[in-house]
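Notes follow the structure.
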Amino acid sequence: MPEHKVAMLVLPGAAPLDVGIPAQVFAPRHGLGYRPVPCAAQPGAVPGRDGLGFTVEAGLEAFDDAGTVIVCGFRNPTGPIDGRVLDALRAAAFRGTRMVAICTGAFALAAAGVLDGRRATTHWQMAPVLAREYPKVRVDGEVLFVDEGQVLTSAGVAAGIDLCLHIVRRDHGVRASNTIARVLVAAPYRSGGQSQYVPRSLPEPLGDVFAATREWALRHLETPLTVDGLARHAGVSARTFGRRFVEDTGYTPMQWVLRARVDLARELLERTVLGVDQIAARTGVGTGANLRMHFQRILGTSPSEYRRTFAGGKLATADVPAPAGHLTAAAR
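Residues in the sequence shown are numbered consecutively from 4, following my numbering.
The following block contains the structure:
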């Protein structure tokens, strides 16, 4: 697999987790051709936050042949940023390099003008500050991450995992991202549109019941699923189930079920020779026309185009569905 260099910009006050997330997700051991390279304004020691620092061997020249540049979150994002860093970010974006920011890394991209006119996000606590400091950026402080094509941004802390897995999914497909998620013991699928922060006032046992219901639904995606049926499984009224499901996941029950079905369809497109109508039936969306409509609305592509992009000529010969269990972690 051709090498894809991922330049990880470590700025003064870098957050250890924001550096560690891409280092692990894009680690060479996963066999996807990624090579993460930490870099800084100049090689050497870079102070971090939370009592940890970094020793970085590469300078900004790491951007020159990188396929992706990731700006890790850092302390004091409203303070001055080294002009050499801003120039290097602008040059990389101009060359068409994929530009990514985790958490407050969005402030560096904004300062370089890379986010002008684009939708972007950052940690929900800093989103109002980003909007105030950079009015040309369309800040959405409620979502986990934003994919604007060449430029992607994530919310804070663990949302960096969601964004990096999304990038793997975009580059190599659902199966590859799910494999990495299992290694990291992370949820394989949390949509970028999911809420960053949902206030919870639920008793803990009720959360356990809903997790069991979601896992049950993942094992029965091919069957008709309704809010009433899910609520019966959870042992609550449909009204209570719908309201608390949104509080817990950021989606209505049927929105969540639809996305789970589309995600299973993606894996079936990658792993089997099943036709679109067969996959539609096995994922519970009914007809091939329905599956095409949902793919276009949610993913912006068609099932056939998705298969051409991600199956890679290695379709399974066995006419069997992939198990729904690959989504189980997302239900918890």
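Note that beta-carbon positions come from the ideal geometry of N, C-alpha and C, so glycine has one too.
Can you tell me which of the three DSSP states residue i falls into?
| i | result |
| --- | --- |
| residue 125 | coil |
| residue 11 | strand |
| residue 73 | strand |
| residue 38 | strand |
| residue 5 | coil |
| residue 234 | helix |
| residue 155 | strand |
| residue 61 | strand |
| residue 163 | helix |
| residue 21 | helix |
| residue 239 | coil |
| residue 68 | coil |
| residue 174 | helix |
| residue 251 | helix |
Taking the beta carbon of residue i as the centre, do at least 16 other beta carbons fall within 10 Å, making it buried, or is it exposed?
| i | result |
| --- | --- |
| residue 54 | exposed |
| residue 180 | buried |
| residue 8 | buried |
| residue 64 | exposed |
| residue 102 | buried |
| residue 188 | exposed |
| residue 96 | buried |
| residue 4 | exposed |
| residue 311 | exposed |
| residue 114 | buried |
| residue 31 | exposed |
| residue 216 | buried |
| residue 13 | buried |
Leaving out five residues before and five after residue i in sequence, what residues of the same chain have Cβ atoms less than 8 Å from its Cβ?
| i | result |
| --- | --- |
| residue 47 | 58, 59 |
| residue 186 | 33 |
| residue 289 | 283 |
| residue 62 | 42, 43, 44, 45, 46 |
| residue 143 | 122, 123, 124, 130, 149 |
| residue 224 | 260, 263, 264, 267, 286, 287, 327 |
| residue 155 | 101, 102, 103, 104, 148, 149, 166, 169, 170 |
Leaving out five residues before and five after residue i in sequence, what residues of the same chain have Cβ atoms less than 6 Å from its Cβ?
| i | result |
| --- | --- |
| residue 158 | 124, 126, 147, 199 |
| residue 204 | Because the pLDDT at residue 204 is just 26, under 50, the model does not fix this residue reliably, and the value given afterwards should be weighed accordingly. Correct list: empty, nothing qualifies. |
| residue 78 | 16, 52 |
| residue 88 | 44 |
| residue 230 | 241, 245, 256 |
| residue 309 | 272 |
| residue 76 | 18, 21, 105, 106, 107, 108 |
| residue 80 | 107, 110 |
| residue 252 | 259 |
In the DSSP assignment, find the beta strand (DSSP E) that holds residue i and state where it starts and stops.
| i | result |
| --- | --- |
| residue 29 | It is not in any beta strand (DSSP E) - residue 29 carries neither H nor E in the DSSP assignment. |
| residue 103 | 101-104 |
| residue 47 | 47-49 |
Excluding the five sequence neighbours on either side, which residues of its own chain have a C-beta within less than 7 Å of the C-beta of residue i, listed in chain order?
| i | result |
| --- | --- |
| residue 240 | 234 |
| residue 139 | 119, 120 |
| residue 6 | 36, 38 |
| residue 322 | Unreliable positioning characterises residue 322 in this predicted model, as indicated by a pLDDT of 39, which lies under 50. A coordinate reading is not provided. |
What are the boundary residues of the alpha helix (DSSP H) that includes residue i?
| i | result |
| --- | --- |
| residue 143 | Here residue 143 belongs to no alpha helix (DSSP H), and DSSP marks it neither H nor E. |
| residue 84 | It is not in any alpha helix (DSSP H) - residue 84 carries neither H nor E in the DSSP assignment. |
| residue 269 | 256-274 |
| residue 280 | 279-286 |
| residue 185 | 177-187 |
| residue 114 | 108-114 |
| residue 136 | 130-136 |
| residue 79 | First-last for residue 79: undefined, no H or E at that position. |
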